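Student: Going by our numbering, the first residue of the sequence shown is number 117, and it counts up by one from there. Just so you know, even glycine gets a beta-carbon here, dropped at the ideal spot from N, CA and C. None of these values were measured; they are calculated from a predicted model.
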Amino acid sequence: MKDWNALEPDKYALVGGHRFTRGRTRPIDRIVIHHNAGVNLTTEDCRDLWNNSREASAHYQVERDGTIGQLVNDGDTAWHAANADINARSIGIEHANIGGPPRWQISDETIENGARLVAALCRGYNLGRPTWGRNVFPHSAYASTSCPHQLAPGGEDHATYMARAQWWFDNWNTPNPSPKEPDMSPEDRALLIETRDLCRFIRDQLAGPGGSGGWPQGGKRTLYDLASAIAEIEGVPNTRDTL
Ligand SMILES: [Zn+2]
């Protein structure tokens with residue numbers, strides 16, 4: 117988005133007047149989530165597809181790199197939920213796929229900026245904290261469809277998507293927010309520290325404290341050099357000579 121606070125998109129590719137209804141008959145009270153079910157579509161691709169061959173539209177497209185394009189202005193009614201009443205009161209967000217069926221994968225950038233857009237819209241239209249089933253709904257709530265697939269409950273991106281939407285809503289005014297702050301469980305953190313310490317121990321055993329210079333007790337030799345020295349004393353043939 118050019119301006120998240122002002123809901124100014126990165127770009128516009130508005131559909132023709134034959135693919136949306138001017139104005140709204142109801143106030144905006146929800147966001148409806150979609151995925152393209154098409155691979156690597158840009159905002160312009162969606163516009164052309166809808167303009168030329170499908171009686172449909174949505175307000176936003178979140179592209180694979182996170183770029184957000186506007187196809188129908190928020191104040192107009194887009195045709196995305198297959199339900200006139202829901203269309204009149206909702207904003208429809210489409211998300212690009214980076215792979216086809218059956219997985220219909222969505223990029224991290226699309227998930228992150230789609231979630232941030234949900235937070236921005238909830239904030240901009242006073243819908244409250246993004247909450248699934250209260251102000252954020254899947255297309256499948258209103259029509260017989262699997263859309264939004266991975267973003268729907270049970271999909272691989274649903275939990276991340278909603279967690280990020282809530283994070284952005286809760287931290288809207290945080291200066292320089294870190295969008296990729298990993299939320300690691302205490303168990304995972306303990307395992308990470310244990311693994312790091314084990315790696316250091318192995319390194320020190322092999323190459324001496326700190327990984328350089330060898331062991332003082334072994335005449336500043338590494339484990340390999342010590343083994344070679346012992347082998348020489350024991351009269352074991354040097355493997356380098358026999359190769
Ligand atoms: Zn849909």
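State yes or no: is the C-beta of H134 nearer than 7 Å to some heavy atom of ligand 1?
Tutor: No, ligand 1 has no heavy atom inside 7 Å of this Cβ.
Student: So is the beta-carbon of C263 under 7 Å away from any non-hydrogen atom of ligand 1?
Tutor: The answer is yes for C263.
Student: Exposed or buried, what is A212 when buried is set at 16 or more other beta-carbons lying within 10 Å of its beta-carbon?
Tutor: Per the 10 Å Cβ criterion, buried.
Student: Helix, strand or coil for D373, going by three-state DSSP, please let me know.
Tutor: Only positions 117 to 359 of the chain appear in this structure, which leaves residue 373 out of reach.
Student: Among residues of its own chain, excluding the 5 on either side of V131, which ones have a beta-carbon nearer than 7 Å to its beta-carbon?
Tutor: Here the set comprises R163, W166, N167, S173, L187 and V188.
Student: Cβ-heavy atom distance between H150 and ligand 1 below 7 Å?
Tutor: Yes; taking the cut-off as 7 Å, the Cβ of H150 has a heavy atom of ligand 1 nearer than that.
Student: Rounding to the nearest angstrom, what Cα-Cα distance links G244 and I318 in this structure?
Tutor: Each residue's Cα considered, the two are about 52 Å apart.
Student: When DSSP labels each residue in this structure, what does E179 get in the three-state scheme?
Tutor: Coil.
Student: Where T137 and L308 are concerned, what is the direct C-alpha to C-alpha distance, given to the nearest angstrom?
Tutor: Straight-line Cα distance between these residues: approximately 54 Å.
Student: Can you round the beta-carbon distance between D161 and H175 to whole angstroms, since I take them to be within the 8 Å contact cut?
Tutor: So it is not a contact: roughly 16 Å between Cβ atoms.
Student: Just how far apart, CA to CA, sit W288 and G324?
Tutor: Approximately 49 Å between the Cα atoms of the pair.
Student: Can you check the region 263-294 for any alpha helix (DSSP H) of at least 4 residues that lies completely inside it and give the ranges in chain order?
Tutor: You should have 274-286.
Student: Restricting to Cα atoms, I'd like to know which of N251, R180, N156 and R135 is closest to R170.
Tutor: Of N251, R180, N156 and R135, the residue nearest in Cα terms is R135.
Student: Do V178 and G215 have their C-beta atoms closer together than 8 Å?
Tutor: Cβ distance not < 8 Å, so V178 and G215 don't count as in contact.
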